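Asker:
Here you go:
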């Protein structure tokens with residue numbers, strides 16, 4: 039719109055004024071047209087023609103003006119809309135300015151601006167709030183006045199490059215608050231430059247990262263402690279990138295596989311090459327199961343070192359997943375379990391041996407509860423008590439049955455409570471067939487975490503035969519004490535260990551005086567004969583004979599000794615049993631008996647001689663009697679009578695014998 043359009047744009051007008059302007063423009067345009075020179079070659083139109091032309095032109099001009107009016111009206115509406123838009127923009131700008139002002143003043147982030155010398159030009163209110171200063175205390179001061187010594191040196195080293203590079207930079211500095219507290223601040227900013235490229239001022243945002251810094255320090259300390267723990271415990275670590283396939287080993291991982299750190303190339307194939315051939319599928323299946331089930335990975339496997347030795351490894355790991363749920367990483371640790379595996383094998387063997395000993399032991403083994411239930415019993419105990427199976431035995435309750443009335447279970451429980459254990463309590467139990475079996479019980483309590491007894495574990499030894507032997511020995515001891523012979527037991531070197539009552543009575547030495555002393559100190563008179571007898575005893579294992587003793591009071595004795603070398607017991611020295619009888623009275627009786635025997639022999643001899651003489655004299659007496667009846671001379675007669683008288687006296691003597 040070339041004809042006065044600037045007036046319509048600058049200032050809209052009313053319709054009447056617009057019509058007047060158009061009319062004046064039309065008049066001036068028609069006048070111009072009329073005043074234009076006419077060419078001689080052009081036929082001058084007549085007045086009627088001019089009038090018709092003007093009418094047509096006027097109509098065309100009116101239509102053109104109408105179009106212009108429509109355009110102007112549209113332009114007016116556009117201008118009005120632009121004015122309203124600009125008004126909204128101004129409102130938005132004012133709101134934005136207020137918002138930025140609010141952000142600048144209220145958002146919890148610090149801001150400061152520095153001049154090229156590092157002095158504070160401007161600070162945000164929150165900056166003052168962060169460090170506890172007033173604005174007049176900081177503006178114009180070097181920023182280094184508010185930094186710790188280490189951060190001051192760091193700032194002075196970095197600031198020139200930050201000022202001159204015109205690039206965004208960040209750094210962590212330690213600010214000292216007004217109250218003395220030190221805060222770690224992350225400063226991020228850029229230095230503005232003027233049109234000539236000279237640095238003018240900075241724009242820096244400050245974020246308090248004290249807690250983050252402390253957390254990072256704690257994390258670093260934790261990582262250091264973890265590294266120390268890994269180092270001290272011998273653990274190995276791995277980090278497997280499932281996208282690239284790269285594996286990173288850490289800690290003692292390489293050493294656990296018998297490799298140097300530079301010998302692992304980060305590929306799974308290098309790891310797999312060290313696996314025992316029989317365990318490769320085991321490891322692969324464990325990884326697949328953990329991946330499919332999305333749970334932790336755990337697997338114990340064997341690895342073969344380059345020297346050919348086999349080692350057990352236990353691995354633990356976990357997968358991490360991306361936002362789509364795909365596994366992208368696997369991390370974990372490994373540790374060597376060779377010694378534990380060997381210990382487990384030994385433990386298993388030990389358990390098998392224990393089970394074998396438990397099942398085949400001739401001694402009874404059991405576990406019972408304080409209320410009398412039998413929880414466990416080995417076959418030997420089941421047989422000892424006469425039951426066909428443990429299940430049958432477990433049906434009884436020891437509180438009410440199984441113990442002989444003279445040995446109630448309360449004695450056992452009292453001993454446990456008093457002593458804390460039972461090292462060997464003799465008791466009597468009742469077997470299934472009601473017979474009595476004597477046992478020696480050893481037991482100890484099993485307590486829970488609160489110290490309460492929950493079980494009694496122990497052993498049972500059948501001492502029925504021992505008890506019978508003990509009773510027999512007791513009877514034998516009673517017999518030895520009641521014996522009239524002096525009986526003692528001594529070692530081969532003569533030390534007395536037993537001295538019965540008859541020895542006290544015969545030799546005069548009390549038992550407490552004799553025990554522990556040598557027999558040669560207890561009345562042996564002939565030491566040479568005693569030594570010879572001991573040598574014969576050790577050689578023949580038995581000896582008997584007479585030997586001279588004297589009592590403690592000095593009275594001489596003649597003892598008949600019988601000595602026997604007792605059988606040796608394993609681990610025990612041999613002993614000598616000596617039985618000694620005082621034979622002094624017997625010797626006297628024997629002497630008198632021998633004298634009587636001699637006298638009796640003499641009498642028998644005399645009787646025999648008398649009998650023989652009588653047999654000789656009888657014919658003489660008979661012959662003398664016959665000769666007396668004969669007529670013989672007196673002299674011969676006297677001789678005959680003398681012969682008869684002598685013979686008769688001889689017979690009388692023989693008869694007296």
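Residue numbers (my numbering): 39 to 695.
Here a beta-carbon is modelled for each residue, glycine too, at the ideal position from N, C-alpha and C.
Everything numeric in this text was worked out from a predicted model, so none of it was measured.
#1: What is the rounded straight-line gap between the Cα of residue 533 and the Cα of residue 482?
#2: Look up residue 594 in the DSSP assignment and say whether it is helix, strand or coil.
#3: Here's a check: name, in chain order, each residue in its chain whose Cβ is nearer than 6 Å to the Cβ of residue 405, leaving out the five neighbours to either side.
#4: Could you pull out every residue in the same chain whose Cβ sits closer than 8 Å to the Cβ of residue 388, ignoring the five residues on either side in sequence?
#5: Determine the contact status of residue 294 and residue 351, defining contact as a CB-CB distance below 8 Å.
#6: Among 467, 468, 449, 565, which one has its Cα closest to the Cα of residue 459?
#7: DSSP three-state label for residue 323, please.
#8: Compute the beta-carbon to beta-carbon distance between residue 287 and residue 302, rounded to the nearest angstrom, for a pair I have assumed lies under 8 Å.
#9: Please list the terminal residues of the continuous alpha helix (DSSP H) segment that includes residue 395.
#10: In chain order, what are the residue ranges of uninterrupted beta strand (DSSP E) at least 3 long that sit wholly in the segment 462 to 529?
#11: Restricting to Cα atoms, I'd like to know which of 248, 604, 622 is closest to residue 615.
#12: So, for residue 580: in the same chain, excluding its five sequence neighbours on each side, which residues have a beta-carbon less than 6 Å away from its beta-carbon?
#13: Does DSSP put residue 549 in a helix, a strand or coil?
#14: So, for residue 122: in the same chain, excluding its five sequence neighbours on each side, which residues have a beta-carbon less than 6 Å away from its beta-carbon?
#15: So is residue 11 buried or exposed if we call it buried at 16+ other beta carbons inside 10 Å?
#16: Could you give the C-beta distance for residue 289 and residue 274, rounded to a whole number, given that I count them as a contact under 8 Å?
#17: Out of 685, 435, 205, 485, which has the shortest C-alpha to C-alpha gap to residue 455?
#18: Under 6 Å Cβ to Cβ from residue 619, same chain only, skipping five residues before and after it: list those, please.
#19: Restricting to Cα atoms, I'd like to know which of 222, 227, 243 is closest to residue 251.
#20: Hey, residue 502 and residue 403: beta-carbon distance below 8 Å or not?
#21: What does a CB cutoff of less than 8 Å around residue 247 pick up in its chain, not counting 5 residues either side in sequence?
#22: For residue 442, which residues of its own chain have a beta-carbon under 7 Å away from its beta-carbon, when the five flanking residues on both sides are left out?
#23: Check for me: the beta strand (DSSP E) holding residue 213 runs from which residue to which?
#24: May I have the straight-line CA-CA distance separating residue 198 from residue 281, to the nearest angstrom?
#25: What is the residue span of the alpha helix (DSSP H) that residue 574 lies within?
#26: Helix, strand or coil: which one does DSSP assign to residue 556?
#27: Given this structure, state the Cα-to-Cα distance separating residue 570 from residue 391, to the nearest angstrom.
#28: Using beta-carbon positions only, say whether residue 215 and residue 226 come within less than 8 Å of one another.
#29: Just verifying my parser: in three-state terms, what is the DSSP assignment at residue 105?
#30: Could you pull the DSSP bridge partners for residue 372 from this structure?
#31: Consult DSSP for residue 683 and reduce its assignment to one of helix, strand or coil.
#32: Would you call the CB atoms of residue 562 and residue 587 closer than 8 Å?
#33: Note down, one range per segment and in chain order, each beta strand (DSSP E) of at least 3 residues found wholly within the segment 296 to 343.
#34: Span of the alpha helix (DSSP H) holding residue 533?
#35: State the start and end residues of the unbroken beta strand (DSSP E) segment that holds residue 612.
#36: Measure how close the beta-carbons of residue 374 and residue 353 come, nearest whole angstrom, since I'm counting them as under 8 Å.
Answerer: In this structure, then:
#1: Residue 533 and residue 482 have their C-alpha atoms some 40 Å from each other.
#2: Shown here, residue 594 sits in a strand according to DSSP, grouped into three states.
#3: The answer, listed in chain order, is 413, 414, 493, 495.
#4: Excluding sequence neighbours, residue 388 sits near nothing in its chain.
#5: Yes, Cβ-Cβ distance for residue 294 and residue 351 is below 8 Å.
#6: Across the set 467, 468, 449, 565, the C-alpha of 449 shows the shortest separation from the C-alpha of residue 459.
#7: Note: residue 323 maps to helix in three-state DSSP.
#8: About 5 Å separates the beta carbon of residue 287 from that of residue 302, a gap short enough to meet the 8 Å contact definition.
#9: Unbroken alpha helix (DSSP H) run through residue 395: 376 to 398.
#10: Segments of the beta strand (DSSP E) lying fully in the segment 462 to 529: 474 to 485, 491 to 500, 524 to 528.
#11: Comparing Cα-Cα distances from residue 615 to each of 248, 604, 622, the minimum goes to 604.
#12: Cβ neighbours of residue 580 beyond the five flanking positions: 602.
#13: Helix at residue 549.
#14: For residue 122, same chain residues with a beta-carbon under 6 Å away, outside a window of 5 residues either side, do not exist.
#15: Outside the displayed span of the chain (39 to 695) sits residue 11, for which this structure offers no information.
#16: Contact check for residue 289 and residue 274: beta-carbon distance about 5 Å, within the 8 Å limit, so the pair qualifies.
#17: Ranking the options by Cα distance to residue 455, first place goes to 485.
#18: Correct list, in chain order: 523, 598.
#19: For residue 251, the nearest C-alpha among the options comes from 222.
#20: In terms of Cβ geometry, residue 502 and residue 403 do not form a close pair [threshold 8 Å].
#21: Excluding positions up to five away in sequence, the list reads 210, 222, 223, 224.
#22: These residues qualify, in order along the chain: 466, 467, 468, 474.
#23: From DSSP, the beta strand (DSSP E) with residue 213 extends over 207 to 214.
#24: Spanning the alpha carbons of residue 198 and residue 281 requires a straight line of approximately 43 Å.
#25: Run containing residue 574: 565 to 578, per the alpha helix (DSSP H) assignment.
#26: Correct three-state label for residue 556: strand.
#27: If you draw a straight line from the Cα of residue 570 to the Cα of residue 391, it comes to about 55 Å.
#28: If you check the CB distance, residue 215 and residue 226 do not come in under 8 Å.
#29: In the three-state reduction of the DSSP assignment, residue 105 falls in the helix class, which pools H, G and I.
#30: 274, 353.
#31: Three-state result, residue 683: helix.
#32: Yes, they are a contact pair.
#33: Runs found: 335 to 342.
#34: Careful: residue 533 lies outside any alpha helix (DSSP H) and carries neither H nor E.
#35: Where residue 612 is concerned, there is no enclosing beta strand (DSSP E), because DSSP gives it neither an H nor an E.
#36: The distance from the Cβ of residue 374 to that of residue 353 is about 11 Å, inconsistent with a contact at the 8 Å cut-off.
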